[in-house]
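One structure is given here, and the rest of the page talks about it.
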Amino acid sequence: HFWLVHLCTKISEVSFRIKMPLDDFGTRSSVLLATGVGLASATGYGLYKYLANYWDNQPPQKWRQVGELADLYIYPIKSCGAIRVSHMDCTIIGPKLGLLRDRIFMVTRTDGTYICARTFPKLLLIQPSFDEQYEQMTLSAPGMPDIIVPVADLFSVDPVKAWVWGQPVTATDCSEELARWISRFVLKEETGLRLVFYPLDIPTRPVRERQHVKLTARDTGALHNSTSFMLLTEASVEDLNRRLQKPVTAQQFRPNFVVKGPGAFEEDDWKWIKIGETVYRNVKPCNRCSVITVDPKTGVRSIENEPMKTLKTFRMKPGLETPVMGMQMGIRTEGTVRLGDAVYVGY
Numbered sequence: 001h002f003w004l005v006h007l008c009t010k011i012s013e014v015s016f017r018i019k020m021p022l023d024d025f026g027t028r029s030s031v032l033l034a035t036g037v038g039l040a041s042a043t044g045y046g047l048y049k050y051l052a053n054y055w056d057n058q059p060p061q062k063w064r065q066v067g068e069l070a071d072l073y074i075y076p077i078k079s080c081g082a083i084r085v086s087h088m089d090c091t092i093i094g095p096k097l098g099l100l101r102d103r104i105f106m107v108t109r110t111d112g113t114y115i116c117a118r119t120f121p122k123l124l125l126i127q128p129s130f131d132e133q134y135e136q137m138t139l140s141a142p143g144m145p146d147i148i149v150p151v152a153d154l155f156s157v158d159p160v161k162a163w164v165w166g167q168p169v170t171a172t173d174c175s176e177e178l179a180r181w182i183s184r185f186v187l188k189e190e191t192g193l194r195l196v197f198y199p200l201d202i203p204t205r206p207v208r209e210r211q212h213v214k215l216t217a218r219d220t221g222a223l224h225n226s227t228s229f230m231l232l233t234e235a236s237v238e239d240l241n242r243r244l245q246k247p248v249t250a251q252q253f254r255p256n257f258v259v260k261g262p263g264a265f266e267e268d269d270w271k272w273i274k275i276g277e278t279v280y281r282n283v284k285p286c287n288r289c290s291v292i293t294v295d296p297k298t299g300v301r302s303i304e305n306e307p308m309k310t311l312k313t314f315r316m317k318p319g320l321e322t323p324v325m326g327m328q329m330g331i332r333t334e335g336t337v338r339l340g341d342a343v344y345v346g347y
């Protein structure tokens, strides 16, 4: 014999059957009822979590304009100079124009572990540039001859081992010539560093455990630390500068988007952002490291540890060990953005 049980909750219905002799009903009815309620509750909670997550990740129907794009930057090499652009295509791998793509190169030690301006501030003085067709990159640095990077050729080079924050990444080595150039400038030695390239069009790294729960694997970009897009407002930089003896520029925080119009730190509360053809989800605040204490024009670190010291006095967030400035975004609708595009937010 079977008892057919059908339980309804406010958000789910559960039907199941349990084999049980009829003469045991009196002694087992409480067990059956408890089991049914437990299953219904578990199913209902799971459905609730699924629906809550689903709706939380749906772009809003209504938008409010808050400002416009004042600057656009692409950083082809991690920890090296920026390229200011008038427009760019925004994709799952990050900002790009032709073969100019964001954080698609990085400098590593010979064992494949990446280095950055926290330890080697001279990296910020390496300035990349591209030709008009965005097919070929040239590197310049003080006291060094320019050197050309044939980007298109790197897609067919055999892969090498490389790591970003302990995570393995797909990469190809750029050449012995470029390795010597980088080593001579940064280390003043003939060897020790390599330049590697990310040849794929999709992210491949999982989310690091310490990252924010809104961040997904599709947001991790090419060789980025967290996400492939970072936004900062002019007013936030201006607010910080009013607290500093020596002002800084937005470039010190290495954003892709600089927005004018909103008030200081309003971006903290934005949930959805629409710019041009593109839509983004705010997935986490941009917590800051010591790179912001290095002047990108001189490669010299602040002896006062600014602006980090001042940011720690008013931009700390619960659960984070370092202050925040700007926000990191995951792209949800790809497209093109241009200087002057209106910036909208949805909540």
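In this text, residue positions in the sequence shown follow the UniProt record's numbering: the first is 1, and each later residue adds one.
We put the CB at the ideal spot given by N, CA and C, even for glycine.
Asked	Found
Contact between the region 259-270 and the region 77-86 (3+ Cβ pairs under 8 angstroms)	no
Beta-bridge partners of Ala342, as assigned by DSSP	Glu68
Exposed unless 16 or more other CB atoms sit within 10 angstroms - verdict on Val300	exposed
Neighbourhood of Met137 by C-beta, 6 angstroms cutoff - its chain only, sequence neighbours within 5 removed	Pro128, Phe130, Val149, Val151
Validate contact between the region 220-229 and the region 101-113 using beta carbons, cut 8 angstroms, 3 pairs	yes
Three-way DSSP call (helix, strand, coil) for Pro285 in this model	strand
Segment contact flag, the region 246-262 with the region 286-294, C-beta cutoff 8 angstroms, min 3 pairs	yes
Ser226 - DSSP class collapsed to helix/strand/coil	coil
Buried or exposed by the 16-neighbour rule on C-beta atoms within 10 Å, applied to Thr278	buried
Where Tyr347 falls, given that 16 or more other Cβ within 10 Å makes a residue buried	exposed
CB-CB length for Leu69 against Gly335, believed under 8 angstroms	Not really, about 13 angstroms apart at Cβ, beyond 8 angstroms.
8 angstroms Cβ shell around Pro206 - same chain, five flanking residues per side excluded	Gln167, Ala217, Thr220
N- and C-terminal bounds of the alpha helix (DSSP H) containing Trp181	176-187
Cβ shell of Met316 (< 7 angstroms), same chain only, five flanking positions each side left out	Pro323
Thr138 (DSSP reduced to helix, strand or coil)	strand
Same chain only: Cβ atoms within 6 angstroms of Ser236, ignoring 5 sequence neighbours per side	Ala264, Phe265
For Leu311 and Tyr344, the rounded distance between their alpha carbons	27 angstroms
Under the three-state DSSP convention, the category Pro255 falls into	coil
When Pro318, Thr113, Arg64 are compared against Trp165, the one with the closest alpha-carbon	Thr113
Beta-carbon spacing of Met325, Asn282 below 8 angstroms	no
Reduced DSSP category for Lys96 - H, G, I as helix; E, B as strand; rest coil	strand
Same chain, Cβ closer than 6 angstroms to residue 359, neighbours up to 5 away in sequence not counted	As shown, the chain starts at 1 and ends at 347. That puts residue 359 outside it, with no answer to give.
Presumed contact (8 angstroms Cβ cut-off) between Pro203 and Ile77, rounded CB distance	Not quite, the Cβ-Cβ distance comes to about 18 angstroms (not below 8 angstroms), so this is no contact.
Three-state secondary structure (DSSP) of Phe314	helix
Beta-carbon proximity list for Glu189, same chain, < 8 angstroms, skipping 5 on both sides	Ser183
Rounded distance between the beta-carbons of Phe229 and Ile331, thought under 8 angstroms	6 angstroms
Where Thr233 sits in the DSSP three-state scheme	strand
CA-to-CA distance, Arg64 to Gly98, given in whole angstroms	32 angstroms
Among Val258, Cys174, Glu234, the one whose alpha carbon lies nearest that of Val85	Val258
Pro318 to Asn287 span [Cα, whole Å]	12 angstroms
Per-residue DSSP class, three states only, for Ile74	strand
Three-state secondary structure (DSSP) of Lys62	coil
Exposure of His6, with buried meaning 16 or more beta-carbon neighbours within 10 Å	Confidence at His6 is low in this model, with a pLDDT of 47, below 50, so its placement is unreliable and no value can be given for it.
Buried or exposed (CB count within 10 angstroms, at least 16 for buried), Leu187	exposed
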